[in-house]
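Here's the structure we're looking at; comments come further down.
In the numbering used here, the protein residues as written are 6 to 436.
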């Protein structure tokens with residue numbers, strides 16, 4: 006099950022027309038809709054299930070620059086500024102705190118990776134710095150781990166996924182956006198090759214522009230249109246604890262655990278060194294594009310052939326405007342949390358910081374991420390279909406960068422000066 010979110014004031018009436026249709030009420034689609042509404046454009050957001058119910062409410066809530074590839078850092082810097090301004094912008098605290106993020110290294114080889122990343126971003130004036138084991142103990146007291154060192158970015162932070170998406174949705178509605186839940190978009194409507202609307206399970210809507218922000222579903226939607234977007238899924242299992250005293254406000258990522266303080270006083274915990282990887286048909290179709298990632302990260306993957314694999318095989322890959330689409334068959338992607346992975350997370354964390362042995366687990370869940378071959382999203386127009394823009398493939402980074410990613414998508418739609426250089430996010434890089 007998805008963690009509980011704030012309710013949103015969605016519409017039950019499908020408008021006949023609008024200027025922009027956003028497909029997908031995840032946090033990127035919602036921030037784009039908020040931006041468009043603030044600019045006075047009529048916008049309708051269509052969600053096959055519930056707004057924010059998939060990865061947007063299930064992620065860890067980290068807002069970071071640290072560890073991102075150099076071309077993606079400007080997006081993260083822009084997102085920092087927008088997260089800081091979010092409470093005033095939408096009239097609600099979404100838990101954003103610039104409390105810092107730290108990564109730990111057990112071995113010199115792991116430490117060398119942090120040093121190498123520092124070199125790649127040395128011209129970007131970040132506040133990231135390398136840490137000694139003694140400095141780690143001072144910043145996060147009470148630990149018993151033996152660390153080769155770490156890396157720390159004090160200006161990185163966190164926000165609350167169960168608050169942010171729904172709060173942004175409600176703010177967009179107050180500013181004129183319309184959000185319709187349980188209304189899957191089956192396909193686009195075209196006139197002379199250009200977008201003139203969308204066809205939904207409830208009927209058609211005329212519009213001038215469409216933004217596809219469908220998360221892990223975007224590959225299927227685009228494939229049905231003959232547009233190629235390579236993404237593969239990974240599953241993260243998550244633990245939420247009851248309120249407890251912890252060692253730090255800093256979010257900490259060890260090689261095989263992570264923890265961060267929540268606004269409710271508990272902690273969000275994961276096994277940072279293990280991700281579920283259900284085998285799908287797409288692994289055979291596009292898996293060769295991921296070989297470079299597999300060589301370096303094979304130890305992270307818990308490959309399986311089970312329920313998720315069978316469901317994927319049964320899912321149609323082509324359908325028409327009058328056919329039931331995959332998005333109506335699965336309203337919410339709700340993978341089962343992996344109990345073994347979560348147990349590992351608690352054992353590993355408790356060994357490093359023994360006070361977590363007293364943690365009371367109140368909730369567990371899992372979320373499915375869409376991963377591109379270079380771990381960068383696509384935020385770009387689709388050249389072969391004028392009026393159609395994509396913002397998907399965020400590779401587990403979408404929540405943190407969402408304010409800037411949504412604004413960039415809105416900039417591209419409206420022809421405004423882009424908040425960051427859109428070149429790293431072109432769809433054509435996968436041609």
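Even for Gly, the Cβ is constructed at its ideal location relative to N, Cα and C.
Since the structure is predicted, the reported quantities are computational estimates derived from the model, not experimental observations.
In the DSSP secondary-structure assignment, residue 241 is bridged to 372.
For residue 291, the closest alpha carbon among the candidates 80, 435, 63 is that of 435. Judged by beta-carbon spacing, residue 335 lies beyond the 8 Å limit of residue 203, meaning their Cβ atoms are not closer than that value. Judged by DSSP in its simplified three-state form, residue 360 adopts helix.
In this structure, DSSP gives residue 223 a helical state, which the three-state scheme calls helix. Excluding the 5 residues flanking it on each side, residue 192 has same chain C-beta neighbours closer than 6 Å at 204, 326, in chain order. The bridge partners DSSP lists for residue 171 come to none. Assignment of residue 402 by DSSP, reduced to helix, strand and coil, places it in the coil class. Cβ contact annotation for residue 38 (same chain, cutoff 7 Å, sequence separation greater than five): 27, 48, 50, 177, 182, in chain order. Fully enclosed beta strand (DSSP E) runs of no fewer than 3 residues occupy 134-136, 154-158 of the stretch 119-172, in order along the chain. Here the stretch 242-259 does not lie against the stretch 394-414, with fewer than 3 beta-carbon pairs under 8 Å apart.
When beta bridges are read from the DSSP output, residue 430 appears opposite no residue. Secondary structure note for residue 80: it is in no beta strand (DSSP E), and the uninterrupted alpha helix (DSSP H) holding it is 78-95. For residue 337, the number of other beta carbons within 10 angstroms of its own is below 16, and it is reported as exposed. Residue state for residue 53 is assigned as coil, using DSSP reduced to three classes. Relative to residue 384, the option among 17, 394, 298, 390 whose CA is nearest is 394. Counting C-beta pairs with one atom in each stretch, the stretch 224-238 and the stretch 73-87 have fewer than three that are closer than 8 Å, which means they do not touch.
Closest option to residue 309, judged by alpha-carbon separation, among 353, 148, 282, 126: 282.
Judged by their CB atoms, residue 392 and residue 142 are not nearer to each other than the 8 Å cut-off.
With 16 or more other CB atoms across the displayed protein chains lying within 10 angstroms of its CB, residue 390 is buried. With a beta-carbon spacing of about 5 Å, residue 66 and residue 163 fall inside the 8 Å limit used to define contacts.
A check of alpha carbon separations from residue 61 across 11, 158, 200, 15 identifies 11 as the nearest.
Sequence-distant Cβ neighbours of residue 400 in its own chain, meaning closer than 6 Å and more than five residues away, are 376, 377, 380. For the pair of segments examined, the stretch 109-118 was found to touch the stretch 256-263: the number of CB pairs separated by less than 8 Å reaches three.
Residue burial annotation: residue 363 is exposed, with fewer than 16 other C-beta atoms found within 10 angstroms of its C-beta.
In the three-state scheme derived from DSSP, where H, G and I count as helix and E and B as strand, residue 352 is classed as helix. In this structure, residue 304 keeps its C-beta atom at 8 Å or more from the C-beta atom of residue 189.
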